[in-house]
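> Numbered per the working numbering, the sequence shown spans residues 4 to 257.
Before anything else, here's the structure in question.
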Amino acid sequence: MNYETALITGAASGIGRELALQLAAQGVAIAAIDVNAAGLQSLADQLSKQARRCAWSEADVTKADELQAAVAGLETQLGPIDLLIACAGLGLETSALDYRADSMNAVLNVNLLGVSNSIAAVLPGKLLRRRGHLAALSSLASYLGMPRLLGYCASKSGVNAIMEGIRGEVKPLGVHVTTACPGWIRTPMTQQLAGKVPMMDVAPAARRILQAIRKKKTFVAFPRLLVWRMRLLKWWPPFLRDWLLRRYQADRRR
């Protein structure tokens with residue numbers, strides 16, 4: 004990895020933590036942010052035992068000023084952020100049959116506005132230095148609006164749009180942009196879905212994402228079979244697609 008410092012949001016657990024561990028093993032200094040201070044301290048202790056550089060700050064990605072201050076403090080300790088990986092995420096069931104503004108807003112605030120706030124905290128510096136990399140964790144759920152996942156699908160679709168729009172402006176200025184759309188990954192956030200949907204282990208998923216970043220790919224989606232299923236489903240007639248999605252959700256309830 005050609006970057007010296009990486010800022011990872013949602014680094015206390017799940018895919019964010021695994022990305023931090025793998026990047027640190029490649030010699031990258033880790034600036035870790037999460038609302039889970041205990042998880043961040045555990046990550047820092049683990050990396051310290053491996054003689055890896057790490058600094059962390061407890062911050063909420065939905066609060067732009069708080070996040071900005073946290074990032075500034077981490078840059079004071081580690082230097083300018085070369086790579087951002089926006090991983091902080093929230094997965095709540097959001098159903099049309101129990102449509103709640105608070106649940107929808109919670110998911111949108113973390114998954115979409117949290118990514119926007121994270122970008123705002125580092126992009127000006129990257130443009131000034133005319134180098135660096137922005138990466139965000141989206142999802143294959145961004146391909147379609149799925150029953151009972153209204154907020155999650157909407158938030159990840161929004162992430163794709165933000166990253167695509169940014170890329171067109173900043174690439175000529177030396178800043179690279181990568182959007183990662185994995186399928187279900189086995190993490191604490193998805194443990195309630197164990198046995199109901201096909202899942203990838205977190206370590207190989209993190210390797211796929213970092214490989215795309217290293218190669219400066221603009222977009223990566225995996226696993227391949229599920230990607231093609233989602234793409235084909237998007238082109239089906241709406242009535243047929245709706246029927247299949249209803250069946251899929253019914254199977255998940257069993």
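All C-beta atoms, glycine included, are put in the ideal place defined by N, C-alpha and C.
These numbers come from a predicted model, not from an experiment.
Could you tell me the distance, in whole angstroms, from the CA atom of LEU24 to the CA atom of LEU147?
Answer to the nearest angstrom: the Cα atoms are 32 Å apart.
> Apart from the five residues on each side of it in sequence, which residues of its chain come closer than 8 Å, Cβ to Cβ, to LYS66?
Here the set comprises ASN120.
> Going by C-alpha to C-alpha distance, which of THR97, LEU116, PRO191, LEU130 sits closest to CYS156?
The residue with the shortest Cα to Cα distance from CYS156 is THR97.
> Is ALA138 near THR181, with beta carbons less than 8 Å apart?
In this structure, THR181 lies closer than 8 Å to ALA138 by Cβ.
> For the region 198-216 and the region 4-18, state whether three or more C-beta atom pairs, one from each stretch, are separated by less than 8 Å.
Flag = yes, the region 198-216 and the region 4-18 touch.
> Would you grab the beta carbon distance between GLY177 and ARG227 for me? Rounded to a whole angstrom, and I think it's under 8 Å.
No, GLY177 and ARG227 are not in contact; Cβ-Cβ is about 31 Å, not under 8 Å.
> Please name the residue, chosen from GLN44, LYS52, ILE11, LEU26, that lies closest to ALA35 on a Cα-to-Cα basis.
That would be ILE11, whose Cα lies nearest to the Cα of ALA35.
> So, does the region 46-61 touch the region 104-117, judging by three or more C-beta pairs under 8 Å?
No: fewer than three Cβ pairs fall under 8 Å.
> Determine the direct distance from the alpha carbon of PHE225 to that of PRO207, and round the result to whole angstroms.
So the two alpha carbons sit approximately 11 Å from each other.
> What does the Cβ neighbour count give for THR190, buried or exposed, with the cut at 16 atoms within 10 Å?
By the 10 Å Cβ count, THR190 comes out buried.
> Quick check on SER16: buried or exposed, where buried means 16 or more other Cβ atoms within 10 Å of its Cβ?
Label assigned to SER16: buried.
> Kindly indicate which three-state DSSP category GLY17 falls into: helix, strand or coil?
Reduced to three states, the DSSP call for GLY17 is helix.
> For ASN114 and LEU93, what's the separation of their Cα atoms in angstroms?
One C-alpha to the other measures close to 6 Å.
> In whole angstroms, what separates the C-alpha of LEU95 from that of ARG132?
LEU95 and ARG132: Cα-Cα distance of roughly 38 Å.
> Taking the CB atoms as reference points, tell me whether ASN112 and SER141 lie closer together than 8 Å.
No. Outside cutoff.
> Could you pull out every residue in the same chain whose Cβ sits closer than 6 Å to the Cβ of ILE169, ignoring the five residues on either side in sequence?
Contacts found: VAL180.
> Is LEU143 closer than 8 Å to PRO185 when the C-beta atoms are compared?
A contact, by the Cβ cut-off of 8 Å.
> Could you pull the DSSP bridge partners for CYS184 from this structure?
Note: CYS184 sits in a beta bridge opposite ALA224.
> Which word fits ASP37, buried or exposed, when buried means at least 16 other C-beta atoms lie within 10 angstroms of its C-beta?
Answer is buried; the Cβ neighbour count reaches 16.
> Should ILE84 and GLY30 be called a contact, given that it needs their Cβ atoms to be closer than 8 Å?
No, Cβ-Cβ distance for ILE84 and GLY30 is not below 8 Å.
> Where DSSP assigns a beta bridge to TRP246, which residues make up the other side?
Looking at the DSSP assignment, TRP246 forms no beta bridge with any residue, so it has no partner.
> Can you list, in chain order, the residues of its chain with a C-beta nearer than 6 Å to that of ALA62? Leave out the 5 residues immediately preceding and following it.
Only ILE36, GLU69, LEU70, ALA73 meet the Cβ criterion.
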